[in-house]
Every structure is written in structure tokens, then in C-alpha cells.
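Written out below as C-alpha cells is the structure these notes cover.
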Amino acid sequence: MKSPDAKPSLPTIAFIGGGNMARSLIGGLLQAGATANQVHVAEPVAELRDALARDFNVHVFSDAASAATHAEVWVLAVKPQVLREVCTVLAPVAQANQPLVVSIAAGITGAQIGRWLGGGIAVVRCMPNTPALLGAGVTGLHANSTVNAEQRDIAQTLLTSAGKTVWVDDESLMDAVTGVSGSGPAYVFLLAEALQAAGEAEGLPADAARTLTIETLLGASRMLAADDTPAAELRRRVTSPNGTTQAAIESFEADGFREVVARAVHAARIRGAELAAAND
Ligand SMILES: NC(=O)C1=CN([C@@H]2O[C@H](COP(=O)(O)OP(=O)(O)OC[C@H]3O[C@@H](n4cnc5c(N)ncnc54)[C@H](O)[C@@H]3O)[C@@H](O)[C@H]2O)C=CC1
Ligand SMILES: O=C(O)[C@@H]1CCC=N1
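When you read off a place in the sequence shown, starting at 1, and then add 49, the result is the number in this note's numbering.
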């Protein structure tokens, strides 16, 4: 008998687009126990296609319709700029097969995808991030009203193989998800670049600055994830009165660090909406 919390087994999944994010998600899926012959990938670039077949033993196709025809779940993993064209090609297959469509494209709305596929399609719009490659990602998901409970579970299982998941009821917040976690790894990498460079500017050898930077980010992230202690409290515990950290934090605050972050996240959110409008 199936235990009540057993994960639903995944049906055949077609990835439309076999680039960076698709690779991360496919790697996670296979590690989580999906079998390679359940995974189809459409990718026009021959080298990428060959690498996917070699590395993961999945079925590869040069065109979207061939990959999608025999799959119950489609993962749209192309750039937002080509999604309309891809959906238009897939519309007849979508209308015939009524797949669950999972889109990871930034900005593009579930309504746009449903419309481009001919209407009445179950669409889960999600925003994963690149740590999915290590199973350490986080994905925001939103389901349109056509998605049933079983399809929701399938999307959940699919993205759980990439890390944690957060469902968002209000689709208009998906661009904010993109601004925080979809693009977020790049902010951490930017901080790493800046911290390492600052260490070197203060005289540290490059390899020492790199190790100190990486282990600090890793250790601090682990502390954040370890329990519910708020980030502000963890920061307070590092900050001795009139000590070194206080000097650094006062410098950050004087330079408007929080506003800098808020403006960056806002810019990402706005770009999401622009991508939707520009590619409609
Ligand atoms: N890179 C990231 O951190 C994240 C990206 N995303 C979203 O994931 C999507 C893919 O992004 P990446 O993997 O970074 O881009 P990518 O450029 O690495 O992958 C897209 C792939 O689609 C292929 N492609 C183009 N036209 C196609 C067609 N007609 N049929 C099938 N495949 C086609 C391209 O050859 C390319 O390999 C984008 O919509 C992006 O917004 C979402 C979350 C994070
Ligand atoms: O930069 C982008 O548009 C994509 C979406 C989130 C991360 N990369």
C-alpha cells in the first residue's frame, strides 16, 4: 500500500530547451530517482544535445514537437524572447494532448503561455535558481486555475528535486520571486567578488582571500538556515560594541546598503514585467 506521504511517480517529461537551467533540473531529477528514458529534451544546438545524451542518457530531439508529443509534462526552459514562437509551434500538440505545462521563463505569465498554446491548458509558472544543479535551489511556483491537484503534486515533485519549493497564490508576485531568488545567486556571487577583491586590496594573497570569502558565505548561510534566528540577531551577535564589525556595518549603512539591495530587487521585478510585455 502507498504511504500517505509517498511522492507521486513522475510521468514522461519533455524539456523544451536544453540549456543551463534544463541541465540543472534534469541532473536533479535523475538524482532524485527519475529514469533517463522518462526524460525527453528538445534542443536545437547539436553540441548541447549530444552532451545531454552523453551525460544523462536522456532522449534528445532537435525540434520541440517531437520531444513533446509523447510526454505528459512539458517544461518550457527556453529564453522568454523565444517562448511565444515555441508555444505557437506546440499549440496543436498541446490541444490534442492537454499536457501539464511547467514554465521556468522569467516574466512570461501563465495566461500568455495558455493563450499561445491555444487556451484551456494547465500551466504552472515557476522560478527556480541555479543552485538547483546541486539540489540546493529554491523555486517559487504558481498554478493557474486549470491545474488539478495531481498536476500540482507532479510540479511539486519535479521542482523538489532541485531543492526547496514555495507556492505563491498571487501570480503578480512571481516577478518579485525572480528578483529575490531567481536572480539572487548572482547577487551572492557579486558579493563574493567584491569581498574577495576587498581582501586582496587590504593585502591578502588571492587564494587566501578566496578561501576566507567562500567559507564565510557558506558558514553564514548555514547559520541562517540552521534555525529561526533572524538575520538581524545573527548580525548583532557578530557585532561587538565599538568593534570591527560595527565599523564595517556603519560604513555599509552610511552608503545606503539596504536601499541599494531594494533598488536592485525592484529593477529585477520590473524587468520581469517588461519581458512579459515585450514578448507578448
Ligand atoms: N539562468 C538562470 O539562473 C535562470 C533562468 N531561468 C529561465 O530559464 C530559461 C532558460 O534559461 P537558461 O537555461 O539560463 O538559458 P539557456 O540559453 O542556457 O537555455 C535555453 C536553451 O533553449 C534552446 N532553444 C532555443 N530555441 C529553442 C527551440 N525552439 N526549441 C527548443 N530549444 C530551444 C537554446 O538553444 C538554449 O540551449 C529562461 O526563460 C530563464 O528566464 C529561470 C531561473 C533561473
Ligand atoms: O536573468 C534572468 O533573466 C534569469 C531569470 C532569473 C535568473 N536568470
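Built from N, CA and C at the ideal position, the CB exists for glycine as well.
Looking only at its chain, what residues have a beta carbon closer than 8 Å to the beta carbon of residue i, apart from the 5 residues adjacent to it on each side?
i: Val187; result: Pro177, Asn178, Pro180, Gly212, Lys213, Thr214, Val215 and Ser230
i: Val217; result: Gly189, Leu190, His191, Met223 and Val226
i: Lys51; result: For Lys51, the predicted model reports a pLDDT of 42, less than 50, meaning its position is unreliable; a value from the coordinates is still stated below. Nothing meets the Cβ criterion.
i: Ser289; result: Gln295
i: Gln87; result: Leu59, Pro60, Thr61 and Ile62
i: Leu182; result: Arg72, Ser73, Gly76 and Gly77
Any idea if residue i is buried or exposed, counting beta-carbon neighbours within 10 angstroms, 16 or more meaning buried?
i: Phe110; result: buried
i: Arg285; result: exposed
i: Ala71; result: buried
i: Leu74; result: buried
i: Val172; result: buried
i: Pro53; result: Because the pLDDT at Pro53 is just 47, under 50, the model does not fix this residue reliably, and the point stays unresolved.
i: Val348; result: The chain is shown only over 50 to 329; residue 348 falls outside these bounds and no answer can be derived.
i: Gly248; result: buried
i: Leu20; result: Past the boundaries of the shown model lies residue 20; the chain is included only from 50 to 329, so the question cannot be answered.
i: Pro129; result: buried
i: Leu240; result: exposed
i: Leu207; result: buried
i: Gly321; result: buried
i: Thr262; result: buried
i: Ala243; result: exposed
i: Ala275; result: exposed
i: Ala55; result: Because Ala55 carries a pLDDT of 48, less than 50, the predicted location of this residue cannot be relied on, and the following value inherits that uncertainty. When all chains shown are included, Ala55 counts as exposed.
i: Ser232; result: buried
i: Ala113; result: buried
i: Ala317; result: buried
Thinking C-alpha only, which one of the options is nearest residue i?
i: His89; options: Val309, His108, Gly228 and Asn197; result: His108
i: Gly66; options: Ala91, Ala297, Gln87 and Ser58; result: Ala91
i: Leu78; options: Gln205, Tyr236 and Val309; result: Gln205
i: Ser115; options: Leu208, Asn328 and Pro93; result: Pro93
i: Thr118; options: Leu149, Thr294, Ala246 and Pro279; result: Leu149
i: Asn197; options: Arg259, Gln147 and Arg164; result: Gln147
i: Phe105; options: Asp112, Ala83 and Ala113; result: Ala83
i: Asp329; options: Pro234, Gly163 and Thr195; result: Gly163
i: Ala269; options: Asp277, Leu283, Glu220 and Ala257; result: Leu283
i: Gly168; options: Ala145, Gly184 and Ala185; result: Ala145
i: Gly228; options: Pro254, Leu182 and Cys175; result: Cys175
i: Ala325; options: Ser221, Ala185 and Gly184; result: Ser221
i: Gln127; options: Asn69, Gly233, Arg307 and Leu267; result: According to the sequence displayed, residue 127 carries Val and not Gln. Of the candidates Asn69, Gly233, Arg307 and Leu267, the one whose C-alpha sits nearest the C-alpha of Val127 is Asn69.
i: Leu267; options: Ala185, Ala113 and Ile170; result: Ala185
What does a CB cutoff of less than 6 Å around residue i pick up in its chain, not counting 5 residues either side in sequence?
i: Ala313; result: none
i: Leu166; result: Cys136, Ala140 and Ala143
i: Ser210; result: Gly77, Leu78 and Ala81
i: Glu134; result: none
i: Val287; result: Thr294
i: Arg259; result: Gln245
i: His315; result: none
Within the present structure, is the beta-carbon of residue i separated from the nearest heavy atom of ligand 3 by less than 7 Å?
i: Pro93; result: In the structure shown, ligand 3 is absent; the only ligands present are ligand 1 and ligand 2.
For residue i, which residues from the same chain have a beta carbon less than 7 Å from its beta carbon, with the 5 sequence-adjacent residues on both sides left out?
i: Ala280; result: Leu273
i: Ala85; result: Leu79, Phe105, Asn106 and Val107
i: Pro234; result: Asn178, Thr179 and Pro180
Would you say residue i lies against chain C (beta-carbon separation less than 8 Å)?
i: Asn193; result: The question asks about chain C, but that chain is absent: this structure has only one protein chain.
Pairing CB atoms from the region 145-164 with CB atoms from the region 98-106, are three or more of them under 8 Å? no
Would the region 59-67 and the region 115-125 be scored as touching if the rule is three or more Cβ pairs under 8 Å? yes
With contact counted as at least three CB pairs below 8 Å, one residue from each stretch, are the region 199-209 and the region 293-310 in contact? no
With three or more beta-carbon pairs closer than 8 Å as the criterion, would you say the region 88-98 touches the region 136-153? no
Go through the residues and name those whose CB comes closer than 5 Å to any heavy atom of ligand 2, in chain order. Ala155, Gly231 and Ser232
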